[in-house]
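Here the sequence shown is numbered in our numbering, starting from 1 and rising by one per residue. Cβ coordinates follow ideal geometry from the N, Cα and C atoms, glycine included. Note that the coordinates shown come from a computational prediction; the quantities given were computed from them, not determined experimentally.
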Amino acid sequence: MCNPSTAPSILSSKNSGLTIDIIETPSKVFQQGVTHHSSTCAKDPEDLEAGWSSDNYDSKTVYEEEIVECSPAQSTKATGFVDRSATKEQIEVFSNPYPLPDLEANGIWRELRYIWMITYRKLMVLTLAANIAAIIPMIIFATRNDGSFTYTDAATATAANLTAAVLMRHEHFINLLFRIVCALPTSMPLQFRRQAAKVAYSQGGIHSAAGISALAWYIFYVTLLSYHAQGTHAEIIALHVLSALTTFILVALIILALPNLRAKFHNIWELSHRFGGWTAIGLVWAQILISTVASASQASQPVGLVLAKTPAFWLLVVITLFLIYPWLWLRRVPVEANRLSTHATELTFHNRPVKQCMAIGFSHRPLLENHKFATIPPPYTTPDSQVPTRASPGGKTSSYSVLVSNAGDWTSRLITSPPTHIWQRGFPTTGVMRVASLFNPVLIVATGSGIGPCLSFLNCNPASATHSHRVLWSARSPELTYGSDVVGRVFATDPNAMVIDTKKTGHPDLIALSWGMVQEAKAEAVVIISNPKVTKQVVFGLEARGVPAFGAIFDS
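Dropping the structure here:
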């Protein structure tokens, strides 16, 4: 247990008037936390708080409570960092020098700019505008009946948009985009880095717009096909039937992907997106092949030659390869489960190296579900540390862990009945937390198990003379819920981290606290990992006051 006389305060402010004793060897505190890692639990129904655990979260998107059982002997062991959590008085003393400024009166413009016209929607609007600008003149050309635009051309435009939609979700494209953006030096203008970071994790806007545009082009294709279809009677009937089925599926996919419906019926949306998407691509394949056979017969040319000259064919080949690729990484891997409490567990894997801020999909039934969780590489530590090390900051190791909290039926079963093996699918994909490296200093905010993705960054980027960060973590009984090891890692990366036990203080004003820590640390930006409601509130509250803020989009 930490010695209260040497344990540092979690607050550090020259202007707050608060006296602070900083511990000289934070690694000792971290090592002490490791010794109590497997003995943590909570005993009160209000000890727990559900935070963000994956972008495929189950159903709970707000703070949750759950009963955690333990024996008195166990509960007395989890006290290593209890005295370092912020009290109401400390939070008030810290906030006083940094009052949260009021927002300007023009609320309509502010809401339009920071809620409705976020980068995700800007990319969506630009993609839709480009397609509208292309389809209108093509409609005019088609009405001339001079052959300047045919249903084959409309099929090409449809396939091109489907390719763009699939590409925006491809692991390597996302990783490449983050790699390019995060290679920007911190000497670049802040506004440029801010916009680049927003684009890096908002590519889903292009995905959505390309899907909608594909439907528009496909309807255009079906219309032209109804007038100019070639082939036998059976071939034409087959094309019309396939077109009707494809149109129905594409419309259903777009409707189910609407934010409100997607959140309310997430499991249905996930299954429809997967199987409906595959079916739609299969139907388009059938139409391209049938129309190609018909065209080849009319022109007395080999089918293979006509197919090779059809752009939609090659685009469908690319789409099919993109869809197959994640399944090439399907593996059933062993897992070590360390139950932290009845609300959280830590899964450890040894099957592959992972870089910082990467997410991997996990499942018990790969065809039916896929739950993405942020991976946490072991921390880079000093040679005398007892925790796993890597050769250099950001280096790779084949060991990594995943922090899972109770956010629904699937995660609940994972905690109460941990498996010995689990399926992994797809290549690790970079997440929003990665953009934190673009800003110096940067404030990292987390609630609940959202600390997991944050640790993925913090473990690989220890504070140094060239890059610094501050941490604000709000959780219900953090040490009892997530263990001394997790809490120790937070303090190891930021000895002055503000860790708030909401069981004792209630839910804090994260916007006001984030504002205060930004002012104190002179941070360039804030990155938050939380549930959708809190993420949107904090990002809006800070952006509207001129602080660059970044959080997950929750569009999948």
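Assignment of T152 by DSSP, reduced to helix, strand and coil, places it in the helix class.
Within the model, the alpha-carbon separation for V199 versus M124 is close to 11 Å.
No Cβ-Cβ contact shorter than 8 Å links W269 with F362. The beta-carbon separation of A164 and A210, rounded to 4 Å, stays under the 8 Å limit for a contact.
Spanning the alpha carbons of A244 and S530 requires a straight line of approximately 42 Å. In the DSSP assignment, W278 falls within the alpha helix (DSSP H) that extends over 277-299. Here the alpha carbons of R193 and S341 stand approximately 40 Å from one another. Per DSSP, the unbroken beta strand (DSSP E) holding K372 starts and ends at 371-376. The residue among R413, R434, F427, S449 with its C-alpha nearest the C-alpha of S405 is S449. Taken through DSSP and simplified to helix, strand or coil, I528 comes out as strand. Looking at the backbone, the Cα of S398 and that of A183 are separated by about 24 Å. For P334, the pairing in a beta bridge is given by DSSP as H421.
By the neighbour-count definition (other C-beta atoms within 10 Å, threshold 16), E520 is a buried residue.
For D501, the enclosing beta strand (DSSP E) starts and ends at 498-501. Segment contact: the segment 434-453 against the segment 327-337, fewer than three CB-CB distances shorter than 8 Å; contact not assigned. Secondary structure at V354: coil, using DSSP grouped into helix, strand and coil.
By the Cβ neighbour-count rule, L305 is exposed, with fewer than 16 other Cβ atoms within 10 Å of its own. With contacts defined by Cβ atoms closer than 8 Å, I290 and T310 do not form a contacting pair. The C-alpha of L162 is placed about 42 Å away from the C-alpha of S468. Cβ atoms of V499 and S514 stay farther apart than 8 Å, at about 14 Å. When the Cα atoms are used, E89 and L472 turn out to be separated by approximately 17 Å. A Cβ-Cβ contact shorter than 8 Å links A216 with N131. If you ignore the 5 residues before and after A196, its C-beta comes within less than 7 Å of the C-beta of V181, L184, all in its own chain and listed in chain order. The DSSP-derived three-state label of T342 is coil. Separation of Y120 and P302 (C-alpha to C-alpha, rounded to the nearest whole angstrom) is 45 Å.
Between F427 and H207, the C-beta spacing is not below 8 Å. For S474, the enclosing beta strand (DSSP E) starts and ends at 469-475. Shown here, G361 sits in a strand according to DSSP, grouped into three states. For the 8 Å CB-CB criterion, L283 and T246 form a contact. As the crow flies, the alpha-carbon of A544 is around 7 Å from that of R110. Taken through DSSP and simplified to helix, strand or coil, T223 comes out as helix.
Taking the Cα of A160 as reference, the smallest distance to any Cα among M168, A214, T127 is reached at A214. DSSP lists A359 as the beta-bridge partner residues of T429. Straight through space, the alpha carbons of F349 and Y400 are spaced by roughly 6 Å.
Relative to the Cα of D501, the nearest Cα in the group S202, T481, Y325, D494 belongs to T481.
A contact between stretches requires three or more CB pairs, one per stretch, nearer than 8 Å, and the segment 255-262 fails this requirement with the segment 309-323.
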